[in-house]
Amino acid sequence: MLSGLSFPAGTCHNGAADGRGMRSPSESKHMRELLLASLGGRQYGIWKDEILSVRDIHALHRIPLSPARIAGITLDDGKAVTLGDLSVCIGYEPSFATGQGYIILMAEGDKVTGFVVGGELRPRSISPNSF
293 MLSGLSFPAG TCHNGAADGR GMRSPSESKH MRELLLASLG GRQYGIWKDE
343 ILSVRDIHAL HRIPLSPARI AGITLDDGKA VTLGDLSVCI GYEPSFATGQ
393 GYIILMAEGD KVTGFVVGGE LRPRSISPNS F
């Protein structure tokens, strides 16, 4: 699901900093995984279990004369998916302008939605008790 996504050194896929992924049974049962994206200098979290796939920004196809909030399209199982640019939607420069970033596809029922985030994504595990 997250192929091509590199995780920072010192963390493993489940977010444990010790590299062993060891958690107590009660702790791991209540942990939830996030991908953190930076938009306009602020961190935003996306629940990993709601993500269909993460793709490199190079899978983005720009649409001529489209508004800046529409980053472009990508293909998912042969179907075109329109991609929104979250940075533009909150008042910042387009994410794809740097040539670095990711396409995130999310599914709700039979609908697939997608958006572009610039920079890198970082995994984090959080507990509901941390809110």
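Residue 293 is where the sequence shown starts when you use my numbering, and the numbers rise one by one after that.
Quick reminder that beta carbons are idealized off the backbone N, C-alpha and C, glycines included.
Computed from a prediction, not measured in an experiment: that's the story for all the values here.
Alpha carbon of residue 295 to alpha carbon of residue 357, nearest angstrom: Note that residue 295 scores a pLDDT of 39, beneath 50, so its modelled location is shaky; the value from the coordinates is reported in the next line. Their Cα atoms are separated by approximately 32 Å.
Evaluate the contact criterion for the stretch 326-342 versus the stretch 361-372: three or more CB pairs, one atom per stretch, below 8 Å. no
Only counting the same chain, and skipping five residues up and downstream in sequence, which positions put a Cβ closer than 8 Å to that of residue 332? Excluding positions up to five away in sequence, the list reads 379, 382, 383, 384.
Since residue 365 and residue 353 should fall inside the 8 Å C-beta cutoff, what is the C-beta to C-beta distance between them, to a whole number of angstroms? 5 Å
Could you check if residue 387 is buried or exposed, using at least 16 other CB atoms within 10 Å of its CB as the buried criterion? buried
Among 419, 411, 361, which has the Cα closest to the Cα of residue 334? 411
CB contact flag (residue 349, residue 395, <8 Å): yes
Three-state secondary structure (DSSP) at residue 372? In the structure shown, residue 372 falls within a strand segment according to DSSP collapsed to helix, strand and coil.
Below 8 Å on the Cβ atoms is my contact criterion, and I expect residue 322 with residue 417 to pass it. Report the Cβ-Cβ distance as a whole number of Å. Their Cβ separation, rounded to whole angstroms, is 10 Å, which puts residue 322 and residue 417 out of contact at 8 Å.
According to DSSP, is residue 357 helix, strand or coil? coil
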